[in-house]
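*Asks:* My questions all concern the structure below.
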Amino acid sequence: LFVDVELTDGAEVRLDGSHAHYLLKVMRIREGQPVKLFDDRSGEYLAHVTTLGKRDLILLVDGLTRPREQVPDLWLCAAPIKKDRFAWIAEKATELGVARMIPVQTERTQNPMGKPEKLRAHMIEAAEQCERTSLPELEETTKLDALLKAWPADRHLFFADERIFESGEGSFRKALVAHEGPAAILIGPEGGFSDAENAAIRALSQTVPVSLGPRILRADTAAVAAISLWMAGRGD
Ligand code: SAM
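In the UniProt record's numbering, the protein residues as written are 15 to 250.
And the structure:
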């Protein structure tokens, strides 16, 4: 379970709210039973229940079991889409080991991103389920032109667009071989990128156009496909 406090050996942790409800009502936890906690700071710890309340419980931290993991240096820059589908992208990006997620406002973005804490809650849930000991950083929603203007010189931008397939460029395998190092994946909204956006993205020297095949994928499918391909090729 994620706790948003720095964990140390011997620390006392009080859980209430959904975590307490899950342990008390679903897991029917008993005193002395072990619980794994992670703080997204130092790592994952083993703790055990010392006191059971009606709606809360106290745990005592026994010791570090795994240090906070370094995930591969991959960012996901995605235009917000329908809320539940964008939450799904955030969950899959967390499970697949993405380091940072940046919602990108584009011309055809129809859905506002919604509250960041809601998206972060989906990331926390996904991290707890997949036993990841770090959370992706979730950035503020950024306009595409501002993102491109401030783009880091040393980071490749894998630009996924369904029009790339016809041009014969965009082999993901070749892109991975040719572009090692820190990377990001850029995925458009349901309506895709405009021609002007396409030109602005390609004008960036760090941009690497990549195709995800001949079919038009939903944005959420494209995000998971691109992350998985990158992780398979460079996630070492
Ligand atoms: N513009 C298209 C349209 O209006 O039907 C579809 C956009 S698609 C639903 C959303 C995003 O998924 C695209 O902007 C692109 O980033 C990505 N995508 C979908 N299919 C892709 C493919 N075959 N290759 C690369 N990227 C793809």
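Just so you know, even glycine gets a beta-carbon here, dropped at the ideal spot from N, CA and C.
(1) Since Thr65 is in the alpha helix (DSSP H), which residue starts that stretch and which ends it?
(2) Does any heavy atom of the ligand SAM sit closer than 7 Å to the C-beta of Gly206?
(3) Counting pairs of Cβ atoms below 8 Å between the stretch 84–95 and the stretch 183–198, do you hit three or more?
(4) Can you tell me whether DSSP reads Gly77 as helix, strand or coil?
(5) Between Arg225 and the ligand SAM, is there a pair consisting of the residue's CB and a ligand heavy atom that are separated by less than 7 Å?
(6) Going by DSSP, which residues form a beta bridge with Gln119?
(7) Can you tell me whether Pro48 is helix, strand or coil according to DSSP?
(8) Measure the alpha-carbon distance for Arg55 versus Ser148 and round it to whole angstroms.
(9) If I follow the unbroken alpha helix (DSSP H) through Glu211, where does it start and stop?
(10) Just how far apart, CA to CA, sit Asp234 and Ile103?
(11) Assuming Leu73 and Thr64 make a contact with CB atoms under 8 Å, what is their CB distance in whole Å?
(12) If we count Cβ pairs, one from each stretch, closer than 8 Å, do we get three or more for the stretch 176–192 versus the stretch 127–146?
(13) Between the stretch 146–161 and the stretch 238–250, do three or more beta carbon pairs fall short of 8 Å?
(14) For Pro150, which option in Pro166, Cys144, Arg122 and Gly111 has the closest C-alpha, if you only look at C-alpha atoms?
(15) Of the choices Gly57, Arg122, Pro203 and Leu226, whose alpha-carbon is the least far from that of Thr79?
*Replies:* Reading from the atomic positions:
(1) Looking at the DSSP string, Thr65 is not in any alpha helix (DSSP H); the run it does join, the beta strand (DSSP E), is Gly57 to Leu66.
(2) yes
(3) yes
(4) strand
(5) First, the amino acid is wrong: residue 225 is Ser here, not Arg. Yes, the beta carbon of Ser225 sits closer than 7 Å to at least one heavy atom of the ligand SAM.
(6) Lys157
(7) strand
(8) 8 Å
(9) Asp209 to Arg216
(10) 6 Å
(11) 7 Å
(12) Touching, no.
(13) no
(14) Gly111
(15) Gly57
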